[in-house]
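J.: Its first residue numbered 2, the sequence shown is counted upward by one per residue in my numbering. Just so you know, even glycine gets a beta-carbon here, dropped at the ideal spot from N, CA and C. Since the structure is predicted, the reported quantities are computational estimates derived from the model, not experimental observations.
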Amino acid sequence: MTIQLEVCIDNLESLRYAEQGGATRIELCSSLALGGLTPSAGFMHAAAKYATVPVYAMIRPRQGDFLFSSEDVEIMLADIYAAKQAGLQGVVIGVLTPHGLVDSDIVTRLVKQAQGMGVTFHRAIDQCVEPMAALDTIMAAGCERILTSGLQANAYDGISMINQMHQHCGQRLKIMAGAGVNSHNVREIIARTGINEIHLSGKTTRPSHMITVAKQAHMGSADIDDFEIPITGAANIAAVIAQLQL
Numbered sequence: 002m003t004i005q006l007e008v009c010i011d012n013l014e015s016l017r018y019a020e021q022g023g024a025t026r027i028e029l030c031s032s033l034a035l036g037g038l039t040p041s042a043g044f045m046h047a048a049a050k051y052a053t054v055p056v057y058a059m060i061r062p063r064q065g066d067f068l069f070s071s072e073d074v075e076i077m078l079a080d081i082y083a084a085k086q087a088g089l090q091g092v093v094i095g096v097l098t099p100h101g102l103v104d105s106d107i108v109t110r111l112v113k114q115a116q117g118m119g120v121t122f123h124r125a126i127d128q129c130v131e132p133m134a135a136l137d138t139i140m141a142a143g144c145e146r147i148l149t150s151g152l153q154a155n156a157y158d159g160i161s162m163i164n165q166m167h168q169h170c171g172q173r174l175k176i177m178a179g180a181g182v183n184s185h186n187v188r189e190i191i192a193r194t195g196i197n198e199i200h201l202s203g204k205t206t207r208p209s210h211m212i213t214v215a216k217q218a219h220m221g222s223a224d225i226d227d228f229e230i231p232i233t234g235a236a237n238i239a240a241v242i243a244q245l246q247l
């Protein structure tokens, strides 16, 4: 069984490391620390230029929940257009109703805008109150896969639900497990769910290359070190690949 390994990144440096490690697809984001937001148009174009594997852009205009206003939807439609113009292969979307159901009307509009591209429905499904009904709605809208942790904090704890989702959808919708996937648990997740797509960041950090700088000021929270740069660890991705080849 061939396993697809999607790596989420939020900077161009990480694209190189993800591919070195063995990624077969890239989820392109900004702000992974917030769960992933829409990447800039410039980032999309650069990724399309340099990537050697398919790239899907996250379409999420803000942090927080997945209940989006009409203005948010306008932004999402424009960002999908930008991803298509950049030459990316797909987009990643997720929209819910106030009652925790998939918003079929908006999802259908987004899928239509993405015509000719692949569409993944992201972990918004993990906040749905009726996950099997959500899967039916997502399939009817024309998405090709979902990214899920099985409604749990991480995919390992969600193994049972991920398996149920896989059984429910069969070949109609690909189920991709994500959140907390690593070289220590990936084989068990695959074996116990029957899926063949996984998603991870493989994150590590590197020190800043700045030589001289004043460190009194903070660009955001004082809890975040501005001089530790989050990047994808090629070795982390390669370690997962190695487990899948055993």
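What three-state label does DSSP hand A178 in the structure shown?
T.: The residue labelled residue 178 in the question sits at position 177 within the sequence shown. In the structure shown, A178 sits in a strand (DSSP, three-state: E or B).
J.: What residue ranges within the segment 89-147 form continuous beta strand (DSSP E) runs of no fewer than 3 residues, ordered along the chain?
T.: 91-94 and 119-122
J.: For Q217, which of D227, S209 and H210 has the nearest alpha-carbon?
T.: Position 216 of the sequence shown, counting from 1, holds the residue named residue 217. The candidate whose alpha carbon is nearest that of Q217 is D227.
J.: State yes or no: is the C-beta of P132 within less than 8 Å of the C-beta of M162?
T.: Taking the sequence shown and counting its residues from 1, the one referred to as residue 132 is at position 131. Taking the sequence shown and counting its residues from 1, the one referred to as residue 162 is at position 161. It is a contact, given that the beta carbons lie within the stated cut-off.
J.: I need the DSSP call for V187, collapsed to helix, strand or coil.
T.: Translated into positions along the sequence shown, residue 187 becomes position 186. Three-state result, V187: helix.
J.: For the segment 35-82, list the beta strand (DSSP E) runs that are entirely contained and at least 3 residues long, ordered along the chain.
T.: 56-59
J.: Taking Cβ to Cβ, would you say L136 is nearer than 8 Å to H100?
T.: As a first step, residue 136 is located in the sequence shown; it is residue number 135 there, counting from the start. As a first step, residue 100 is located in the sequence shown; it is residue number 99 there, counting from the start. Cβ atoms of L136 and H100: not closer than 8 Å.
J.: Given 8 Å as the limit, is there contact between the segment 62-69 and the segment 95-113, that is, 3 or more CB pairs closer than that?
T.: yes
J.: If you run the structure through DSSP and keep just helix, strand and coil, what is R173?
T.: Stepping through the sequence shown from its first residue, residue 173 is reached at position 172. It is coil, neither helix nor strand.
J.: CB V241 to CB L6, shorter than 8 Å?
T.: Position 240 of the sequence shown holds residue 241. Position 5 of the sequence shown holds residue 6. Yes. Within cutoff.
J.: Find the nearest neighbour of T149 within the set P62, E198, L13 and A34, judged by alpha-carbon distance.
T.: By 1-based counting over the sequence shown, the position of residue 149 is 148. The candidate whose alpha carbon is nearest that of T149 is E198.
J.: What do you get for S202, buried or exposed, if any count of 16 or more other CB atoms within 10 angstroms of its CB means buried?
T.: Stepping through the sequence shown from its first residue, residue 202 is reached at position 201. It counts as buried.
J.: In angstroms, rounded to a whole number, what distance separates the CA positions of M166 and I176?
T.: Locating residue 166 in the sequence shown gives position 165, counting from the first residue. Locating residue 176 in the sequence shown gives position 175, counting from the first residue. Each residue's alpha carbon lies about 7 Å from the other.
J.: Taking the continuous beta strand (DSSP E) assigned at I196, which residues delimit it?
T.: Mapped onto the sequence shown, residue 196 falls at position 195. Judged by DSSP secondary structure, I196 falls outside any beta strand (DSSP E); it is assigned neither H nor E.
J.: Looking only at its chain, what residues have a beta carbon closer than 6 Å to the beta carbon of V182, apart from the 5 residues adjacent to it on each side?
T.: The residue given as residue 182 occupies position 181 in the sequence shown. Correct list, in chain order: A156, I199 and L201.
J.: Buried or exposed: which applies to V130, given that a residue is buried once 16 or more other Cβ atoms fall within 10 Å of its Cβ?
T.: Looking up residue 130 in the sequence shown gives position 129. Counting other Cβ atoms within 10 Å of its Cβ, V130 stays below 16 and is therefore classed as exposed.
J.: Alpha carbon to alpha carbon, how far is S71 from L245? Give it in angstroms, no decimals.
T.: For the purposes of this step, residue 245 is identified with residue 244 of the sequence shown, where counting begins at 1. For the purposes of this step, residue 71 is identified with residue 70 of the sequence shown, where counting begins at 1. Using only the alpha carbons, I get a separation of about 43 Å.
J.: State the DSSP-derived secondary structure class of L253, mapped to helix, strand or coil.
T.: This structure leaves residue 253 out entirely; the chain is present only between 2 and 247.
J.: Using a 10 Å radius around the Cβ and a threshold of 16 neighbouring Cβ atoms, would you call K85 buried or exposed?
T.: Locating residue 85 in the sequence shown gives position 84, where the first residue counts as 1. With 16 or more Cβ atoms within 10 Å of its Cβ, K85 is classed as buried.
J.: Which residues in the same chain have their Cβ closer than 6 Å to the Cβ of A42, if we skip the five residues on either side of it in sequence?
T.: For the purposes of this step, residue 42 is taken as residue 41 along the sequence shown, with counting starting at 1. Closer than 6 Å at the Cβ level, and outside the excluded window around A42, lie A83.
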